[in-house]
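Note sheet for the following structure.
Residue numbers (my numbering), protein chains in the order written: chain A, 93 to 250; chain B, 93 to 250.
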């Protein structure tokens, strides 16, 4: 089930300004997430200044891309659970209720980061996603995102 | 116990390149953390593009500043536990083993963010810090950072 468009490309324009993954944020990371079988995958290349200790990736960036990978995966999982394509209405958009990141070892700065998401739970408005982050073929961080479907008052501008 | 210099200003130059809090990172956030009694405090003003949904702060940025507030607090707590001033050698520098952020409500984009850290545990090379993040007087996120003293091979360039 490979798609040409990333999950984030299906977000409505008014919900596409996220610094981590919004296609309309001129300064942001533009994370893109896709299905790869039952898992989800994103690739991301940090900038040279996204450093913690010289030579290693900043932990806050790792948390950021895990976060957006998680909410993107949650949206895709919700469409899948309903048997709907991602270009059908109403749109699903999730926000993070809780984020956990375990930094297993330093992440080298340079190679592309690969994020892989596994859907642990889809229940009501909540989706739980487990995520690994790898660099140069080695898992360096693990994350869990508890995502909840965005309240409707966000969509109407409150 | 108020200090003019922030915790991060005591980091050695070769450990001052962190995107979140390194004074020598030209592109970074430059988070600055201080004692306020037994707690620690940082203030941070997000940029207009640090947005999640328009009008609200990006969760990855919230995770990032909680992370750096946590490692800075861990270093200060370690000096304090040894009864040492922060300008004495050898330097303490901590990295994050685990980060957890609970997003309680959306964080409005605009007002300064206030981070407050409480030291939960100092044990061997590990420090646990509980952190709240507030905007406009309301706590919008809570975090916990488990920080560990940096391995010596980081300091010697491996």
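Backbone N, C-alpha and C define an ideal beta-carbon position, used for all residues, glycine too.
Please read these numbers as outputs of a predicted model, since none were measured by experiment.
Provide the residue span of the alpha helix (DSSP H) that contains residue 164 of chain B, from first to last. Within the second chain, the letter at position 72 stands for residue 164 of chain B. 151 to 173 is the extent of the alpha helix (DSSP H) around residue 164 of chain B.
Quick check: is the beta carbon of residue 132 of chain B nearer than 8 Å to any beta carbon in chain A? The residue you call residue 132 of chain B lines up with position 40 of the second chain. When Cβ-Cβ separations below 8 Å define contact, residue 132 of chain B makes no contact with chain A.
Could you tell me which of A:98, A:127 and A:109 sits nearest to residue 210 of chain A, measuring between CA atoms? Taking the first chain and counting its residues from 1, one reaches residue 210 of chain A at position 118. The residue among A:98, A:127 and A:109 with its C-alpha nearest the C-alpha of residue 210 of chain A is A:127.
Any 3 or more C-beta pairs closer than 8 Å across the stretch 143 to 151 of chain B and the stretch 97 to 114 of chain A: Contact holds: three or more Cβ-Cβ distances are below 8 Å.
Measure from the C-beta of residue 145 of chain A to each C-beta in chain B and report whether the shortest distance is under 8 Å. As a position in the first chain, residue 145 of chain A is number 53, starting the count at 1. Interface residue (Cβ-Cβ distance to chain B less than 8 Å): residue 145 of chain A is classified as such.
Compare the C-beta of residue 197 of chain B with all C-beta atoms of chain D and state if any pair is closer than 8 Å. Chain labels in this structure do not include chain D; the protein chains are A and B.
Between B:138, B:155 and B:231, which lies nearest to residue 202 of chain B when the distance is taken from Cα to Cα? Here the question's residue 202 of chain B lines up with position 110 in the second chain. Looking only at B:138, B:155 and B:231, the smallest Cα-Cα distance to residue 202 of chain B is reached by B:138.
Anyone know if the C-beta pair for residue 234 of chain A and residue 223 of chain A falls short of 8 Å? One-based indexing of the first chain puts residue 234 of chain A at position 142. One-based indexing of the first chain puts residue 223 of chain A at position 131. Closer than 8 Å, so yes.
Does residue 156 of chain B get closer than 8 Å to chain A when you measure Cβ to Cβ? Against the second chain, residue 156 of chain B aligns to sequence position 64. So, interface residue.
Just the Cα atoms here: how many angstroms apart are residue 98 of chain B and residue 125 of chain B? In the second chain, counting from the first residue as 1, residue 98 of chain B sits at position 6. In the second chain, counting from the first residue as 1, residue 125 of chain B sits at position 33. Roughly 5 Å separates the two Cα atoms.
State yes or no: is the beta carbon of residue 107 of chain B nearer than 8 Å to at least one beta carbon in chain A? Taking the first residue of the second chain as 1, we reach residue 107 of chain B at position 15. Yes, its Cβ sits closer than 8 Å to a Cβ of chain A.
Compare the C-beta of residue 115 of chain A against all C-beta atoms of chain B and say whether one is closer than 8 Å. Translated into the one-based positions of the first chain, residue 115 of chain A becomes position 23. Output row for residue 115 of chain A: interface = no.
Distance check for residue 174 of chain B and residue 249 of chain A, CA to CA, integer angstroms please. In the first chain, the residue the question calls residue 249 of chain A occupies position 157. In the second chain, the residue the question calls residue 174 of chain B occupies position 82. The predicted model places residue 249 of chain A with a pLDDT of 46, which falls under 50 and marks its position as unreliable, so this point remains unresolved.
Please state the DSSP three-state secondary structure of residue 249 of chain A. In the first chain, the residue the question calls residue 249 of chain A occupies position 157. Caution applies to residue 249 of chain A, whose pLDDT of 46 falls short of 50 and renders its modelled position unreliable; the value that the coordinates give is listed next. Secondary structure of residue 249 of chain A (DSSP, three-state): coil.
For residue 119 of chain B, which residues in chain A fall below 8 Å Cβ to Cβ? The residue you call residue 119 of chain B lines up with position 27 of the second chain. Neighbours of residue 119 of chain B on chain A, chain order: 139 and 141.
Short of 6 Å in beta carbon distance, which residues of its chain neighbour residue 212 of chain B, apart from the five on each side in sequence? Order them along the chain. Numbered from its first residue, the second chain carries residue 212 of chain B at position 120. Correct list, in chain order: 220 and 222.
Taking residue 112 of chain B as the query, report the chain A residues whose CB atoms sit under 7 Å from its CB, ordered along the chain. As a first step, residue 112 of chain B is located in the second chain; it is residue number 20 there, counting from the start. Under the 7 Å cutoff, chain A gives 150 and 152.
Tell me which residues share the same chain as residue 136 of chain B and place their Cβ nearer than 8 Å to its Cβ, disregarding the 5 neighbours each side in the sequence. As a first step, residue 136 of chain B is located in the second chain; it is residue number 44 there, counting from the start. Hits under 8 Å: 121, 123, 157, 204, 205 and 207.
Since residue 148 of chain B and residue 104 of chain B should fall inside the 8 Å C-beta cutoff, what is the C-beta to C-beta distance between them, to a whole number of angstroms? On the second chain, residue 148 of chain B is found 56 positions in, with the first residue counted as 1. On the second chain, residue 104 of chain B is found 12 positions in, with the first residue counted as 1. Contact doesn't hold; Cβ gap of about 36 Å is too wide.
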